[in-house]
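A.B. asks: The structure follows.
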Amino acid sequence: MLLVERAGCHLCADAHRVLDAVTASTGERWVSVDVDASEALQQEFGELVPVVLVDGVARGHWRLQTEPILAALRG
975 MLLVERAGCH LCADAHRVLD AVTASTGERW VSVDVDASEA LQQEFGELVP VVLVDGVARG
1035 HWRLQTEPIL AALRG
């Protein structure tokens, strides 16, 4: 899982908790990237952070929920 986030984003802190809960139940891992580190990321996700991608596909943004992420991981 990839979390696209930005410094100072309060919803991003909430996203960390959601992804930590997902990893606790699945054993999957997640990493994050700063949306402001890349012009391409800014253009694609700049207004949507936080965004979680599973296998390269966006599975949620802003207020993340565990179930859509879990469903994506189950395939």
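Counting from 1 along the sequence shown, just add 974 to a position and that's the residue number in the working numbering.
The C-beta atom is built at its ideal place from N, Cα and C for all residues, glycine as well.
Just the C-alpha distance for ALA987 and HIS1035, rounded to the nearest angstrom, thanks.
C.D. replies: Answer to the nearest angstrom: the Cα atoms are 13 angstroms apart.
A.B. asks: Between which two residues does the beta strand (DSSP E) harbouring VAL1028 extend?
C.D. replies: Per DSSP, VAL1028 belongs to the beta strand (DSSP E) from 1025-1028.
A.B. asks: Where does LEU1038 land, buried or exposed, given buried means 16+ other C-beta within 10 angstroms?
C.D. replies: Answer is buried; the Cβ neighbour count reaches 16.
A.B. asks: Contact check, GLU979 vs VAL1009 under 8 angstroms by CB: the rounded distance?
C.D. replies: Their Cβ separation, rounded to whole angstroms, is 7 angstroms, which keeps GLU979 and VAL1009 in contact under 8 angstroms.
A.B. asks: What residues in its chain sit with their C-beta under 7 angstroms from that of PHE1050, if we drop five residues either side in the sequence?
C.D. replies: The shown model of the chain, from 975 to 1049, leaves out residue 1050, and the question about it has no answer.
A.B. asks: Given this structure, state the Cα-to-Cα distance separating ALA989 from ALA1032, to the nearest angstrom.
C.D. replies: Near 14 angstroms, if we compare the C-alpha coordinates of ALA1032 and ALA989.
A.B. asks: Using the DSSP secondary-structure output, state which residues sit across from GLY1049 in a beta bridge.
C.D. replies: In the DSSP output, where bridge partners are listed per residue, GLY1049 has none listed.
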